[in-house]
Structure formats: structure tokens, C-alpha cells
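Student:
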Amino acid sequence: MVPGGRSHGRMPPDARVKVSQTTVADIEQGALPQPLDVGVVVGIDVSLTSTGVAQVSADGCVAGVVRTQGKQRDPLTVTAARIEHIVSEVSAWLVPGSLVVIEGPSYDSTGGKEWDRAGVWHRIVAEARTKGCWVAQAAPKTRAKWAAGHGSADKARVAVGLRRLMPDHAFISSDDADAAVLALMGAQRIGLRPQTRERLAMLAAVEWPPTIDMYADAARAPGAF
Numbered sequence: 004m005v006p007g008g009r010s011h012g013r014m015p016p017d018a019r020v021k022v023s024q025t026t027v028a029d030i031e032q033g034a035l036p037q038p039l040d041v042g043v044v045v046g047i048d049v050s051l052t053s054t055g056v057a058q059v060s061a062d063g064c065v066a067g068v069v070r071t072q073g074k075q076r077d078p079l080t081v082t083a084a085r086i087e088h089i090v091s092e093v094s095a096w097l098v099p100g101s102l103v104v105i106e107g108p109s110y111d112s113t114g115g116k117e118w119d120r121a122g123v124w125h126r127i128v129a130e131a132r133t134k135g136c137w138v139a140q141a142a143p144k145t146r147a148k149w150a151a152g153h154g155s156a157d158k159a160r161v162a163v164g165l166r167r168l169m170p171d172h173a174f175i176s177s178d179d180a181d182a183a184v185l186a187l188m189g190a191q192r193i194g195l196r197p198q199t200r201e202r203l204a205m206l207a208a209v210e211w212p213p214t215i216d217m218y219a220d221a222a223r224a225p226g227a228f
């Protein structure tokens, strides 16, 4: 017998499970970003140990890292707290209505804690959407090709390419440097940074938010740094 005295048999009509019919279009309609703020672009390179974050605006670039430490066999409560800390720190960099360019997963790479890193990634994307940001996703090879001219370029070659673009800026590590590259890509996409035909063509591989062109054209700030 189940609570209430009913036997394990056919469920009464009023107790049947209702299946949700929510579609992707319904979800998108309920999570529309704020009007696009073309004054700042945020780049994020997600990591459990050292997440790179950068903001690019007409004033230049500000970048940093969110560092945490953990163990392979940390209990769930510790891992959850670690993830929440990373998301909270990254959230402070998010400007409502801004374009956020986050590096997508590297499906060919191997390493530990893939499940936890995926949790961090999705929590950051959800946080950005909650704050009304426009979120774009760039594959690691697209980021490398845009910065260094080749999709298989390692972090050292990407750093060299970035120094050519920003010779006066010093970065802490390859993590905030990668985040700066992502932010610069977004800045070029919405016209905040000068564009070259070659680099603009590379941006076509990025998964940009729908209708971003319409909003960028309407709200684009004059000039570029």
C-alpha cells in the first residue's frame, strides 16, 4: 500500500504525471537579454583552477584570474562551494546587457574533473543570462586562429599574437590572456575595435547570439580605441 491507502496499481487520473511541453523557443523567449551595451565586452576562459576574465571597453582592457585549489576526491559539498565561489567572482565582472564571449569546450582534450569543469561553465553561462548579458561561444581553435593565425597554435603563440595587438598590456598568465583574446573578438564583432577583413572572417565561426547585428548597429558607440 502507498500512503493514503491506495494499492500499487493503476494511478487515478488526477495523479498522473504531466509532461512539460516547453520548447526551445519558449525558453529563449523567457530569457531575452537586455538591450545590447556596446560599451564593454567580457571574455571568459573557464577553468577549475584558474579562470581568466577580461573586460574590453573604449578605455582599454582590464583582465584577471579567479584561482581555486581542490583535490581529486573532494566531497560534493567542497566541490559545490568551490564552483559557487568561481561563479560569484566571475559574476562581478559581468555588466548587464554586455556581450560575453566564453570559450567553448575542447572536446579533443583530456584531463581530470571534466564533469566539474562543465558544471562551472554552465553555471557561468546561466549567471550571465540571468544578468541580461548576450552570450557568445568561441571554440578554442577559433580563439587560437584569431589571435595567432592558426587553430592549432599553443598558448605561447597566442600570447605573442596578443602582445602585437596590445603591446602595452601585461597579463598575469595565459588564462587572462586567453580571456582578453575572447573579449577582443567580441569587441571587433560589434564594432568597438577596428577590424581587418581577415580577422572579421574568422569571427564567422563563433556562435553569436541571434539578432546581435541589429542591436549592435543601433547601439554602437562612435569611434574605437
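Numbering (the numbering used here), first residue to last: 4 to 228. Yeah, the Cβ is synthetic: ideal placement off N, Cα and C, and Gly gets one too.
1. Please classify residue 79 as buried or exposed, where buried requires at least 16 neighbouring CB atoms within 10 angstroms.
2. Could you give the C-beta distance for residue 183 and residue 46, rounded to a whole number, given that I count them as a contact under 8 angstroms?
3. Who does residue 46 pair with in a DSSP beta bridge?
4. Could you pull out every residue in the same chain whose Cβ sits closer than 6 angstroms to the Cβ of residue 228, ignoring the five residues on either side in sequence?
5. Just checking my contact of residue 179 with residue 67 at CB under 8 angstroms: how many whole Å lie between their CB atoms?
6. I'd like to check one pair, residue 139 with residue 215: are the Cβ atoms closer than 9 angstroms?
7. Excluding the 5 residues flanking residue 101 on each side, which residues of the same chain have their C-beta closer than 6 angstroms to its C-beta?
8. Ends of the beta strand (DSSP E) at residue 137?
9. Can you tell me where the beta strand (DSSP E) with residue 65 in it begins and where it stops?
10. Go ahead and pull the three-state DSSP assignment for residue 41.
11. Applying the criterion that 16 or more other CB atoms from any shown protein chain within 10 Å of the CB defines a buried residue, is residue 259 buried or exposed?
12. Which first and last residues belong to the alpha helix (DSSP H) in which residue 89 is found?
13. Judging by CA-CA distance, which residue of 121, 70 and 99 is the nearest neighbour of residue 89?
14. Using only the alpha-carbon positions, how far apart do residue 188 and residue 73 sit?
15. Residue 48: buried (16+ other C-beta within 10 angstroms of its C-beta) or exposed?
16. Taking the DSSP output, what are the residues bridged to residue 210?
17. Measure the CB-CB distance between residue 108 and residue 124 and report whether it falls below 9 angstroms.
18. Would you kindly report the start and end of the unbroken alpha helix (DSSP H) that includes residue 182?
19. Under 9 angstroms between the Cβ atoms of residue 130 and residue 176?
20. For residue 157, count neighbouring C-beta atoms within 10 Å of its own C-beta (all shown protein chains included) and say buried if the count is 16 or more, exposed if not.
21. Quick one: grab the DSSP three-state call for residue 154.
22. On a Cα-Cα basis, can you pick out the residue from 152, 58 and 205 that is closest to residue 172?
Tutor: By the coordinates alone:
1. Under the 10 Å beta carbon count, residue 79 is surrounded by fewer than 16 other beta carbons and is classified as exposed.
2. Indeed, because the Cβ distance is near 6 angstroms, the residues count as touching under 8 angstroms.
3. For residue 46, which the question treats as bridged, DSSP gives the partners 57 and 104.
4. With a pLDDT of 35 at residue 228, under the threshold of 50, the modelled position of this residue cannot be trusted; read the value that follows with caution. Only 61 meet the Cβ criterion.
5. Contact between residue 179 and residue 67 holds, since their C-beta atoms are separated by about 6 angstroms, short of 8 angstroms.
6. Contact flag set, yes.
7. 40, 43, 45 and 136.
8. Here the beta strand (DSSP E) through residue 137 covers 137-141.
9. Residue 65 -> beta strand (DSSP E) spans 63-70.
10. Note: residue 41 maps to strand in three-state DSSP.
11. Because the chain here runs from 4 to 228, residue 259 falls outside it and cannot be looked at.
12. It spans 79-94 - the alpha helix (DSSP H) in which residue 89 sits, taken as one unbroken run.
13. The shortest CA-to-CA distance from residue 89 to any of 121, 70 and 99 is the one to 70.
14. When rounded, the distance between both Cα atoms is 32 angstroms.
15. Sixteen is the threshold: when 16 or more other Cβ atoms of the shown chains lie within 10 Å of the Cβ of residue 48, as they do, the residue is buried.
16. Answer is 140.
17. Against a cut-off of 9 angstroms, the Cβ pair of residue 124 and residue 108 comes out as a contact.
18. Its alpha helix (DSSP H) spans residues 177-192.
19. Note that the C-beta distance between residue 130 and residue 176 is not below 9 angstroms.
20. Burial is judged here by how many other beta carbons sit within 10 angstroms of a residue's own beta carbon; residue 157 has fewer than 16 and is exposed.
21. In the three-state reduction of the DSSP assignment, residue 154 falls in the coil class.
22. Measuring from the Cα of residue 172, the nearest candidate turns out to be 58.
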